[in-house]
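Since the structure comes first, as structure tokens, the remarks are kept for the end.
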Amino acid sequence: MGFFFRIFLTIGIYFFITRGVSAVSYEEAYAMEKDSPVFAIPLYEEVVRTAKQNDVRKTASTRLYFLYEKFRKYVPALQYQIRAGTTKTKKGEWSSIVQSVSQGLGVSPYSLIGVLSSCSRSTPPLVEPQEQSVDSETGKPVPFVPFEPYRSLLKPENAPLVRLCYSIKMKLKDYESWENIFQTIVQKNSISKETALPLWVGYSLQSGRGVPYRRIYLSGTSKVLTNESKSDIAFLYAKFLRHKGRWEASTRYFLMSGTYGNPRRAKFEAAKNLLLMDRKQEACDYPQEIYNGSEEPEALFRKICQTKGTDWGAQYSHALRILSKDSPDPLYSYILQGGGKEARDYFVKEMGTFLSDTDTDGEEDLEPEEILTLLLPNEDRNKLPFWDARDREANLVLPDRTKYICKVLRRPFFSNPSIQPQYCTEIFPGTLEQMLNSVEEEEEVSFAFADPAYLPISAKLFWKEVEIIPENPVDPPVQPTLPVKSNQVGPTVALGPWNLEYFVYRKILNRTYAEIRLGKEYFVVAVKPSIVAWQK
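Under the UniProt record's numbering, the residues of the sequence shown are numbered 1 to 536, in order.
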């Protein structure tokens with residue numbers, strides 16, 4: 001896990017946001033620190049926010065700072081130092097935390113402290129003077145110097161601080177300020193598009209402003225996305241689906257995001273989904289390195305996998321309710337509600353209902369034209385997002401013994417499906433569209449192929465070669481070649497054979513997805529059933 005991402009996760013909640021939870025005593029927080037120190041942090045924070053006695057607040061703050069350092073919660077630790085005036089030592093040197101964070105992000109300590117301090121407050125729009133000021137003594141023009149955080153964030157070398165400021169603003173729910181900042185840095189071209197697009201999407205998911213799915217879809221069409229930014233977009237798509245309670249679909253996109261980058265993050269979030277889908281064994285079968293950190297969700301996951309039931313979670317309930325109000329997590333819901341449907345419903349409720357229910361392509365004019373022009377000019381956009389291959393023809397390669405296409409209930413993600421004959425339909429060579437015509441279910445359903453004995457069969461998918469149309473119509477078409485192995489990652493980089501695991505069909509939207517693997521690479525890709533064919 002990268003240095004910045006660790007900071008992003010440990011942003012903390014030292015901003016004293018009002019929460020609808022009962023009062024916490026210092027004694028309760030201290031007792032929790034002895035038993036499980038990391039879960040004492042939200043309790044101490046609540047004491048600092050609500051205690052009436054100054055000495056109690058001061059003592060709790062001291063304990064908080066110690067725990068921030070112990071668990072490497074850098075941002076709240078720095079905030080504490082800023083409040084206490086201890087960002088520098090008595091010798092005038094930067095504190096060890098300031099030096100460590102600034103070096104890890106590759107920025108100056110002055111910029112780090114300036115952004116951290118200013119982004120913790122309301123940020124008005126940046127208004128540049130219409131006329132340049134002139135020095136009264138020299139008569140020379142005086143260049144306009146923006147105030148913080150603009151002064152630092154408008155410097156391209158401080159790009160990591162943009163994401164840091166974004167994290168703080170989202171924690172504070174200071175959406176107006178973030179809009180002011182984001183619009184300015186995009187207009188000034190101070191941030192790359194591949195960095196800006198995930199922030200554009202994440203802000204919509206967090207705030208409910210804009211149309212989240214439309215932003216996801218449009219961002220996915222960008223030609224400038226790196227593997228890292230594709231991972232972020234797919235990850236945010238997975239979060240969008242999880243917020244809507246679409247757990248299986250969310251898990252697929254989490255796993256795909258890990259193919260593009262940050263696999264540990266992807267696998268951990270997928271494991272959380274599996275847990276709430278009542279698949280504890282599948283979730284806990286993941287290698288322990290995905291949850292061996294010191295953060296609250298990781299500590300909970302270890303405990304869940306090492307013990308039976310959730311009765312032990314009662315001692316953490318106060319801390320978890322505080323954490324869940326500030327930043328809902330499937331694991332908090334799992335412990336508070338004891339798993340099952342109650343935990344799933346609780347999580348969706350905690351996420352709120354402001355997200356749009358739709359995940360259709362929608363209309364572009366749902367987003368302001370100005371921001372679309374800046375982030376996604378027409379020349380930088382593909383026709384479809386990187387997970388969509390509805391313009392690609394494909395061949396299905398199935399063994400001669402293939403006889404059925406079968407609906408799979410509770411499809412496993414890491415083992416062969418269990419086929420039940422009553423959910424199978426006989427199929428014949430033809431297009432996938434013809435095979436799916438008999439499907440009656442309106443909701444999202446996974447399908448696999450089976451032989452006459454209702455045993456799952458190994459299916460393959462080959463993409464057909466695409467003819468390259470020359471820019472000059474006089475020139476002959478270019479003969480396609482097999483893709484050259486490179487650092488490119490994607491579902492159509494290689495023609496195949498891809499291992500086909502499932503087709504996922506959403507009849508209500510007439511949308512079909514193929515789950516494919518090639519080695520360790522996993523993708524879920526939209527396909528057009530009429531041009532995916534099985535021919536003997």
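Note that CB positions come from ideal geometry on N, CA and C, so glycine has one too. Fair warning: this is a prediction, and the values are worked out from it, not measured in the lab.
Checklist line | Cβ-based burial, W312 [other Cβ within 10 Å; buried from 16] | finding: Numbered from its first residue, the sequence shown carries residue 312 at position 312. Exposed is the call here.
Notebook entry, point to check: Using a Cβ-Cβ cut-off of 6 Å (strictly less than) and excluding sequence neighbours within five positions of S394, which residues of its own chain qualify?
Noted result: If you number the sequence shown from 1, residue 394 lands on position 394. It should be pointed out that residue 394 corresponds to Ala in this sequence rather than to Ser. Within the same chain, L461, W463 and V532 come within 6 Å of A394 by CB-CB distance, once the 5 residues on both sides are set aside.
Margin query: Nearest by alpha-carbon distance to S118: which of Q420, I181 and Y260 is it?
Written below: One-based indexing of the sequence shown puts residue 118 at position 118. Closest by alpha carbon: I181.
Checklist line | Nearest candidate by alpha-carbon position, reference Q535, set K341, A459, I516 and A514 | finding: Indexing the sequence shown from 1 puts residue 535 at position 535. Residue A459 is the option with its Cα nearest to Q535.
Next item on the list: Could you tell me which of G92, T138 and F428 sits nearest to V397, measuring between CA atoms?
Entry: Working through the sequence shown from its first residue, we reach residue 397 at position 397. The residue with the shortest Cα to Cα distance from V397 is F428.
Margin query: Check whether the stretch 506-520 and the stretch 432-447 touch, using three or more Cβ-Cβ pairs below 8 Å as the test.
Written below: yes
Next item on the list: Output the distance between the C-alpha atoms of L518 and R252, rounded to the nearest integer angstrom.
Entry: As a working mapping, residue 518 is identified with position 518 in the sequence shown. As a working mapping, residue 252 is identified with position 252 in the sequence shown. Spanning the two alpha carbons is a distance of roughly 15 Å.
Next item on the list: Select from L164, P456, S61 and G114 the residue whose C-alpha is nearest the C-alpha of E148.
Entry: Numbered from its first residue, the sequence shown carries residue 148 at position 148. When only C-alpha atoms are compared, the closest one is G114.
Next item on the list: Figure out for me which residue from P143, Q206 and V98 has the closest Cα to the Cα of Q81.
Entry: On the sequence shown, position 81 is the one that residue 81 refers to. Of P143, Q206 and V98, the residue nearest in Cα terms is V98.
Check: What separation, rounded to the nearest whole angstrom, lies between the Cα atoms of A389 and T402?
Finding: Sequence index remark: in the sequence shown, residue 389 carries index 389 (1-based). Sequence index remark: in the sequence shown, residue 402 carries index 402 (1-based). Cα to Cα, the separation comes out at about 25 Å.
Margin query: Residues in the same chain with beta-carbon distance under 6 Å from M32, minus the five sequence neighbours each way, listed in chain order, please.
Written below: In the sequence shown, residue 32 corresponds to position 32, counting from 1. Counting only Cβ-Cβ distances below 6 Å, and skipping sequence neighbours, we find F39, A40 and L43.
Check: Roughly how many whole angstroms lie between the Cα atoms of K407 and M256?
Finding: By 1-based counting over the sequence shown, the position of residue 407 is 407. By 1-based counting over the sequence shown, the position of residue 256 is 256. Those two C-alpha atoms are separated by around 22 Å.
Notebook entry, point to check: With 16 other CB atoms within 10 Å as the buried threshold, where does I421 fall?
Noted result: Your numbering for residue 421 matches position 421 in the sequence shown. For clarity, residue 421 is Pro in the given sequence; the question names Ile instead. Under this definition P421 is an exposed residue.
Checklist line | Cβ-based neighbour list, P37, same chain, cut-off 8 Å, excluding 5 preceding and 5 following | finding: As a position in the sequence shown, residue 37 is number 37, starting the count at 1. L67, K70 and F71.
Notebook entry, point to check: In whole angstroms, what is the alpha-carbon distance linking P143 and L126?
Noted result: Numbered from 1 along the sequence shown, position 143 holds the residue referred to as residue 143. Numbered from 1 along the sequence shown, position 126 holds the residue referred to as residue 126. Distance between the alpha carbons of P143 and L126: 15 Å.
Checklist line | Contact check, P377 vs I419, beta carbons under 7 Å | finding: For this step, residue 377 is matched to residue 377 along the sequence shown. For this step, residue 419 is matched to residue 419 along the sequence shown. It is not a contact, given that the beta carbons lie outside the stated cut-off.
Notebook entry, point to check: Does DSSP classify Y346 as helix, strand or coil?
Noted result: For this step, residue 346 is matched to residue 346 along the sequence shown. Y346 falls in the helix class under three-state DSSP.
Check: Quick one: any contact between the stretch 213-224 and the stretch 193-205, if contact means 3 or more CB pairs under 8 Å?
Finding: yes
Margin query: Which residues does DSSP list as the beta-bridge partners of Y513?
Written below: Counting from one through the sequence shown, the residue named residue 513 turns up at place 513. For Y513, which the question treats as bridged, DSSP gives the partners V504 and A526.
Check: Which whole-angstrom value is the C-beta distance of residue 594 and I335, which I expect to be below 8 Å?
Finding: Since the first residue of the chain shown is 1 and the last is 536, residue 594 is not available in this structure.
Item checked: Beta-carbon proximity of Y26 to V56, cut-off 7 Å -> If you number the sequence shown from 1, residue 26 lands on position 26. If you number the sequence shown from 1, residue 56 lands on position 56. Result yes, Cβ atoms of Y26 and V56 sit closer than 7 Å.
Check: Helix, strand or coil: which one does DSSP assign to T221?
Finding: In the sequence shown, the residue the question calls residue 221 occupies position 221. Coil at T221, not helix or strand.
Notebook entry, point to check: Tell me which same chain residues have a C-beta within less than 7 Å of the C-beta of P417, skipping the five on either side of it?
Noted result: Along the sequence shown, read from residue 1 onward, the residue named residue 417 stands at position 417. Within the same chain, P417 has close Cβ partners V408, R411, A448 and P456.
Next item on the list: Output the boundary residues of the alpha helix (DSSP H) element that contains I191.
Entry: Here residue 191 refers to the residue found at position 191 when the sequence shown is read from its first residue. Note, I191: premise wrong, no alpha helix (DSSP H); not H, not E.
Check: Quick one, which of C305, S133, T259 and F347 has its alpha-carbon nearest L320's?
Finding: Stepping through the sequence shown from its first residue, residue 320 is reached at position 320. Comparing Cα positions, the closest option is F347.
Item checked: Outcome for A196 when other beta-carbon atoms lying within 10 angstroms are tallied against a minimum of 16 -> The count along the sequence shown starts at 1 and reaches residue 196 at position 196. Buried: at least 16 other Cβ atoms inside 10 Å.
Item checked: Length-filtered (4 minimum) alpha helix (DSSP H) runs lying within the stretch 101-161 -> If one requires a minimum length of 4 residues, the alpha helix (DSSP H) runs lying completely within the stretch 101-161 are 109-119 and 150-153, in chain order.
Next item on the list: Could you pull out every unbroken beta strand (DSSP E) segment of at least 3 residues lying fully inside the stretch 386-464, listed in chain order?
Entry: 394-397, 404-408, 424-426, 444-450 and 459-463
Next item on the list: Using DSSP bridges, identify the partner residues of L94.
Entry: In the sequence shown, counting from the first residue as 1, residue 94 sits at position 94. According to the sequence displayed, residue 94 carries Trp and not Leu. In the DSSP assignment, the residues bridged to W94 are K88.
Checklist line | Rounded C-alpha distance that separates Q53 from E515 | finding: Along the sequence shown, one-based indexing puts residue 53 at 53. Along the sequence shown, one-based indexing puts residue 515 at 515. Between the alpha carbons of Q53 and E515 lies a distance of about 58 Å.
Margin query: Applying the 10 Å Cβ sphere with the 16-neighbour rule, what's the burial state of V524?
Written below: Along the sequence shown, one-based indexing puts residue 524 at 524. Per the 10 Å Cβ criterion, buried.
Checklist line | Per-residue DSSP class, three states only, for A314 | finding: To locate residue 314, count along the sequence shown from 1; it is residue 314. Three-state result, A314: helix.
Check: Could you give the distance in angstroms between the alpha-carbon of G208 and the alpha-carbon of H243?
Finding: Along the sequence shown, read from residue 1 onward, the residue named residue 208 stands at position 208. Along the sequence shown, read from residue 1 onward, the residue named residue 243 stands at position 243. If you take the alpha carbons of G208 and H243, they lie about 12 Å apart.
Item checked: Same chain only: Cβ atoms within 7 Å of T123, ignoring 5 sequence neighbours per side -> Translated into the one-based positions of the sequence shown, residue 123 becomes position 123. Excluding sequence neighbours, T123 sits near P149, S177, N180 and I181.
Margin query: Do V224 and residue 546 have their beta-carbon atoms positioned less than 7 Å apart in this structure?
Written below: No answer is possible for residue 546: it lies beyond the span of the chain, which begins at 1 and ends at 536.
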